[in-house]
Structure formats: C-alpha cells, structure tokens
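Enquirer:
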Amino acid sequence: MSRSLRALFVEAIKSTIRDKMALFFTFLLPLMFLLIFGLIMDNSSSRTNVAVVGDGPVARVLEGPELKDALKITRVGSVEEGRKKVTDGDVVASISEAGGTVHVDYAASDQTQAAQALGTVNGVIAQANLRAAGVTTPQFRMDARQVEDDSLGIIEFFVPGLLGYGISVGAVFGLAIALVQWRRSGLLRRLQLTPIATRDIALARIALHLVIALAQTVAFLLVGKYMFDVHLTGSWWMCVPLVLCGTLAFLALGFLVASFSRTQEAASAIANVVTLPMAFLGGAFFPVEMAPSWVQAISKALPLTYLTDGLKDVMVRGHGPGAAVVPMLVLLGTALVAGGVALRVFRWE
Amino acid sequence: MTPAIRTQGLRKTYAHIVAVDGVDLEVERGEIFGLLGPNGAGKTTALEIIEGLRTPDEGDAEVLGQRPWPRDRALLRRIGVQLQASSFFEKLTAAEQIGTFAEFYGVPRADADAMLERVGLTESAGVETGKLSGGQMQRLSIGCSLVHRPELVFLDEPTAALDPQARRNLWDLARGVRDEGATVVLTTHSMEEAETLCDRVAIMDAGRIVVTGTPMRLVRDLDAPVRISLPPDAIEEDEARALPGVDAVETNESGLLLRGASAADILAGLAERRLLNGLQVRGATLEDVFLHHTGREYRA
Ligand SMILES: Nc1ncnc2c1ncn2[C@@H]1O[C@H](COP(=O)(O)OP(=O)(O)OP(=O)(O)O)[C@@H](O)[C@H]1O
Ligand SMILES: [Mg+2]
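From first to last, the protein sequence lines stand for chains V and W.
Sequential numbering from 96 applies to the first sequence in this note's numbering.
Sequential numbering from 164 applies to the second sequence in this note's numbering.
Below you can see the structure in the form of structure tokens.
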C-alpha cells in the first residue's frame, strides 16, 4: 500500500468518525429501526414464557438443553409468585411440583401459548412415567423434523432486511456527499495538483466503506443475537462477502448520484430518491413476496433486493453458501455497470 | 538549464470571454516572479494552465522542461501550488492536513511540523481546518504547497487575506524559499507588493501580458515625472509654478503637488526658500507603468 493511499485512508476514517451526522445515519438509524421494529413486533418469539417453582425432577427436565428452544423459563420462589406472574401477563404458565403432582397455573388469555406450555409439560410427565414404569423401548415414537420455510419471523426478517438498508444508505449517501463536497470546495482540483494516483483516491474511499459495512454487519449480528435471540442458520458467515459485494454496488450508485449532483442538497435529495423506494421495494422493510406482482417485478430490478434476499437465505433461511452466489454476481455486475457509467459522466470541477 | 517556465501563445476562451489571450512568458530559475493585474485580467487562468490544471485552446507551455498536461505525476512532485481558493480535508486539523500532504510526497512528518511553524500555525495545530480564520487557512494552504520543498511554487494571491504582519512574514518566507534555490511565481493586485517582493514582474490586462521586466527597470523606462508634495500654505501656487524645473502644479486638500522631470532642480529651488519641511518626493510607481501601458488608472 502506498503512503498516499494510507494517508487518504486514514483521512477517510478520521473524517467519518468526526462526522456525527454521518455516523448517526449509517450506524444508529438502521439499528434504531431494528430495535423499534423488533421490540414493537416481537410477538412472534417461538419460545413460550413460563415460570418454574422449585427444582424437582420435572423442573430440571424443563430447564434442560432439549427444551431451551421451546421454553423461556423464569425461576420464581413460590407458587403465589408464579401465579402473580401469570395474572400480570409476564408468563403464560407457572409450573410447580409437589410429590408426584405437577401443578400448572396457566393464562386464560393466550390459549395457543398456554396449550403449548401444557403440551410440553405433559410430554415431560409422560416420559417420566414411562421411565418410572421401566419402559426403555417405548412402543411408539414420534420422529418430528422441522422444515425450513421461506417465510420468516419478524426479527429474522428485519435483521438481514435492515442490515441491507443500512449498507445501502451508508454507501450511497457517504460517497455521494463526500464527492460533491470535495468537488465544490475545490479539493478535487487541489488533489489533481499533488502527485497522488487518482486510483488511490478511489481505493481509499472503497476501503473506508468496506470497513463501515463490516462494522454495520457486526453491530447487526450482535444486536440480533443478544437482544433478539435471532437464530442464525448454518452459512450465516456468507453474509460477509455478500455485504462487501453490496457495498461495492451501492458505492457505484453513490458515485453515479455524485455525477449528477452539483450541490450537496441535490446529492442528498437524489440519494434519498434512490435509497428510500429501494428500501421499500427491496425487501428491507416488508416482505415483497406479499406484494402485487408488478411490485415484485420492479423489486427484481433493484440491487437491494438481491442483497436482502441473499442475506435472508444464508442468515436465517438455512440455505447453503451457494445461495449467495447469484446475489453476489448481480451486485458485482451492478457495481461494474453503474461505476462505468459514473466514470464517464463524473466531472472533477 | 531550461527556464522554470516558458509559454508560447497561450489562449483560453470561455463562452464569450477570452480569459487568456496569447500569453508568452519566461520565468528564470531562482527568481520571484510576479504576475499582476486587475480582477479578471486572466492571472489565475494563466497560472492554472501552466500548472496543468486546465488545457489551453492554443499555445504551449514547458514547466521545468516538461509539458504540464496531460497530468504528469513526476512533474507534480517537483512543483507546489497554492490555489486562489483554499480547499482542504475539512475534518482534519491543521497539523493533520499538512501531514497528509507531506505523505502524498513521501516527506517525513517532522518536515510537516517545521512548515507549520514556518507559516506561523503551530499554535493552531490542533484546530479543525474548517474552524481556522481566513488568513490562517491561507497560510495553511501556502504551507501545504511548500511542504515538499518544490523546485517551483505557484502562489495565487498569497497575501490577499493576510494582515500586515502576516504579509511581511509571507514575504520573508517567499524570499527564504527563493534563497534556497526555488522559483516562486505569484500573483498579486498590489503594485506595492510587486515592487518590494518580486525580482521580475509581468503586468497583465484583459488576458494579455502588457509589459515584463524588473520593477525598477519598468519604472525607470517610463521616464515619468517626479511628484513633490508640499504642506498647504507653504508657498503660493503661482510662486511654485515659477520654480526652476516645475512643469505643473496642482492644489488639493493635502497641499500642493508639483510635477517636473528633475527632482534635483525642484528640490534646489525649494531648499533656497527653506521649504523642505514636511515635503514628500514620490517617483513613478508600477501604477504609473500600468497607466502608461493601458491608458487606464490602476484600481486594485
Ligand atoms: N471556468 C470559467 N468559466 C467561465 N469564465 C471563466 C472561468 N474562469 C475564468 N473565467 C473568466 O476569465 C476571466 C479571467 O479570470 P481569472 O480568474 O483568470 O482572472 P484573475 O486575473 O485571476 O482575476 P482575480 O484578480 O479576480 O483573481 C474572467 O473574466 C473570468 O470571468
Ligand atoms: Mg485570480
């Protein structure tokens, strides 16, 4: 790496960290969307909230590893306390043991969830009974297999969707505004009079945005995993190359926006016109599968669709790494075409 | 050795204006060369063509023996440029700014700090560039143009935003740079500045070079009358007109103004009458040179 390139990269990082507005729009806002959407609509959690009193044999099974995906257990000190949690609506059922009897206090309001809790407890009791009766090879077994379908829970939808949105906003706005500002202040002319390679100016900005995109991805993964308990599927790590390809595509769009904008206001208006409709139609805010077919047709023409779809496939739908290949190729193609056009249209002064 | 700059018939036209209209220039190595003229004369356009930032419609230029366009990175290492309008990486501090430019030329950090000191910005080293005063920005811009010790430096109105003290410091800096062997090309509106600072000047008007030479030589060639001003009521106007060597007399609010070809004759007459108190002698200036060649008063 040449000294000029390193100096330009350091400048880019410092300028970004010192630009509070840019930080807000690229990092905080998408994360805030995730928090707000996630917290408001998080009623789809597949885990059932139950309270457990004491620590008898049934309680231990309920808390065991096999049921950790089904139940979210809150320990309480007494039967009364458990019942209060049910009446308050904090849990759907409170479970206590006395000798051979398992008491369940369950909420009348949420029948489905209560039934789920009752069913689970019943299953545990049935198994315990069998074991007590000395049955080691039961006559009937259930072999249940989960089938991944493409419809997603709310938060499983929003983590990849809003991550894609955040990437698009960060790259399109970040590059377009910086370039227009540099052109207007005359910095681009000034830089032409230094011996730096034009390529280095581009590379430094690309490197900056790849770093920003990776930071956004890490932030989304951490918030998704630790605040919302998103279940990431096998090849979730393919989100990294996908996000990098997406960043290149959106940088090219930002470059194009800068080519057509003379003022910062114009750049920011055009960038909005590019990113907002794309977010709505590109599967960032709601699933396009539910939209009318003409909307889906438009959606197919938007690069963000390929990013969000690819991210959903590998992060939460359980598809293999291969699912990211086509989206990545489309995004790289977008980067080449948009970048090539922008190179022709862009003016230095 | 080739001259620092040689141009032939540079021409540049914008829509309806001929900004630069056949400029031939030759700047020697190791001199401070001033390009002066009123607003819109074409100074900036001419410089930017020579720097390689704009291409001329016609004509040719050679800078340190190379043609400046298309962009030649090897040549750019050897020259330094301060543009008329400063532009910076806005979020960097003054020290980081000049440090970044130093990196572009592969110059050690210590040189950047030394240059910051030389343009008097050590105290503002940690200030974000966007928050510097106009004069401080201009000094920073000059510092950035000099940080790599270029062989040839272009300063476009380097003293425009500077206070008198900073202006004098800049003159010292420019002389220092020249004394280290570099060539300095600068533009200015101030004929006075050109006279004190520049080894040679070219006066430009309406896209053309009107005249070129050392300031002394230009003034002397003018063969202009000396002007002697006297305090009011020192002498009657008629009596003054009768003095030996006086060609014309004018009365104005600050006193009498006598013109004549020879300062010696007039001064001898005034000395006889014990009228030397409060008197001022002014020879011709570059403003007179401008007037003489363009037929217009020079108004900076
Ligand atoms: N990019 C441009 N487009 C159109 N006209 C221009 C452009 N640049 C300069 N001009 C015109 O060319 C003429 C010369 O401008 P220039 O900036 O070279 O003058 P100058 O001598 O540097 O003036 P000043 O002392 O005000 O800096 C002016 O009439 C100006 O309006
Ligand atoms: Mg100018």
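Don't be surprised by glycine CBs; every beta carbon is placed ideally from N, CA and C.
None of these values were measured; they are calculated from a predicted model.
Where DSSP assigns a beta bridge to GLY423 (chain W), which residues make up the other side?
Expert: According to DSSP, GLY423 (chain W) bridges with W:VAL389.
Enquirer: Any Cβ of chain W within less than 8 Å of the Cβ of GLU158 (chain V)?
Expert: GLU158 (chain V) does not count as touching chain W.
Enquirer: So which residues put a beta carbon under 5 Å from any heavy atom of ligand 1, going in chain order?
Expert: This criterion selects W:TYR177, W:ILE180, W:ALA182, W:ASN202, W:GLY203, W:ALA204, W:GLY205, W:LYS206, W:THR207 and W:THR208.
Enquirer: In whole angstroms, what is the alpha-carbon distance linking ARG150 (chain V) and VAL230 (chain V)?
Expert: The sequence shown places Asp at residue 150 (chain V), rather than the Arg named in the question. About 25 Å.
Enquirer: For ARG174 (chain W), which option in W:LEU430, W:SER392, W:ASP187 and W:ARG330 has the closest C-alpha, if you only look at C-alpha atoms?
Expert: Residue W:ASP187 is the option with its Cα nearest to ARG174 (chain W).
Enquirer: Ordered along the chain, which non-local residues of its own chain (more than five positions away) have a Cβ less than 7 Å from that of LEU339 (chain V)?
Expert: LEU305 and ALA308, listed in sequence order.
Enquirer: For GLY269 (chain V), tell me which candidate among V:GLY349, V:GLU444 and V:PRO152 has the shortest Cα-Cα distance.
Expert: Cα-wise, what sits closest to GLY269 (chain V) is V:GLY349.
Enquirer: Could you please give the first and the last residue of the uninterrupted beta strand (DSSP E) stretch that includes THR169 (chain V)?
Expert: Note, THR169 (chain V): beta strand (DSSP E), 166–171.
Enquirer: Are there 16 or more other CB atoms within 10 angstroms of the CB of PHE119 (chain V), so buried, or fewer, so exposed?
Expert: Label assigned to PHE119 (chain V): exposed.
Enquirer: Taking 7 Å as the limit between beta carbons, can you name the residues of its chain near VAL390 (chain V), skipping five residues before and five after?
Expert: Closer than 7 Å at the Cβ level, and outside the excluded window around VAL390 (chain V), lie LEU376 and VAL383.
Enquirer: Where does VAL226 (chain W) fall in DSSP's three states?
Expert: Note: VAL226 (chain W) maps to strand in three-state DSSP.
Enquirer: Tell me the rounded alpha-carbon separation between VAL409 (chain V) and GLU251 (chain V).
Expert: The alpha-carbon atoms of VAL409 (chain V) and GLU251 (chain V) are separated by roughly 11 Å.
Enquirer: Please find out if some non-hydrogen atom of ligand 2 comes closer than 7 Å to the beta-carbon of GLN247 (chain W).
Expert: Yes, ligand 2 has a heavy atom inside 7 Å of this Cβ.
Enquirer: Chain V partners of ARG240 (chain W), CB-CB under 8 Å?
Expert: Those within 8 Å of ARG240 (chain W) in chain V are PRO290.
Enquirer: My output table needs one value for ASN367 (chain V): the three-state DSSP class, helix, strand or coil.
Expert: Residue state, collapsed to three classes: helix.
Enquirer: Pull up the DSSP beta-bridge partners for ASP368 (chain W), would you.
Expert: The partner list for ASP368 (chain W) (beta bridge, DSSP) reads W:ARG371.
Enquirer: Would PRO422 (chain V) and ASP404 (chain V) be called neighbours here (beta carbons separated by less than 8 Å)?
Expert: Taking 8 Å as the Cβ cut-off, PRO422 (chain V) and ASP404 (chain V) qualify as a contacting pair.
Enquirer: Considering only their Cβ atoms, is the gap separating PHE251 (chain W) from THR292 (chain W) smaller than 8 Å?
Expert: Taking 8 Å as the Cβ cut-off, THR292 (chain W) and PHE251 (chain W) qualify as a contacting pair.
Enquirer: Should THR351 (chain W) be listed as close to ligand 3, given that the test is whether its C-beta is under 7 Å from any heavy atom?
Expert: Inclusion of ligand 3 in the displayed structure is not the case, the ligand content consisting of ligand 1 and ligand 2 alone.
Enquirer: Against chain V, does ARG272 (chain W) count as a neighbour if the rule is that its beta carbon must be under 8 Å from one of theirs?
Expert: Answer no: the Cβ-Cβ gap between ARG272 (chain W) and chain V never drops below 8 Å.
Enquirer: Per DSSP, what are the beta-bridge partners of ASP184 (chain W) in this structure?
Expert: Paired residue(s): W:ARG174.
Enquirer: Does the beta-carbon of ARG95 (chain V) have 16 or more other beta-carbons within 10 angstroms, so that it is buried, or is it exposed?
Expert: Residue 95 (chain V) lies beyond the residue range present for chain V, which begins at 96 and ends at 444; the question has no answer from this structure.
Enquirer: Please name the residue in W:GLU314, W:GLU450, W:THR322 and W:GLY289 whose C-alpha comes closest to that of SER304 (chain W).
Expert: It is W:THR322.
Enquirer: Express the C-alpha separation of GLY159 (chain V) and PRO416 (chain V) in angstroms, rounding to a whole number.
Expert: Rounded to whole angstroms, PRO416 (chain V) to GLY159 (chain V) spans 32 Å at the Cα level.
Enquirer: Going by the beta-carbon positions, is the gap between ASP184 (chain W) and GLY370 (chain W) smaller than 8 Å?
Expert: Yes. Within cutoff.
Enquirer: When you compare the CB of GLY281 (chain V) with every CB in chain W, is at least one pair closer than 8 Å?
Expert: Answer yes: the Cβ-Cβ gap between GLY281 (chain V) and chain W drops below 8 Å somewhere.
Enquirer: Tell me, to the nearest whole angstrom, how far the beta carbon of GLN287 (chain V) is from that of TRP443 (chain V); I am working on the premise that it is less than 8 Å.
Expert: Correct: roughly 7 Å between the Cβ atoms.
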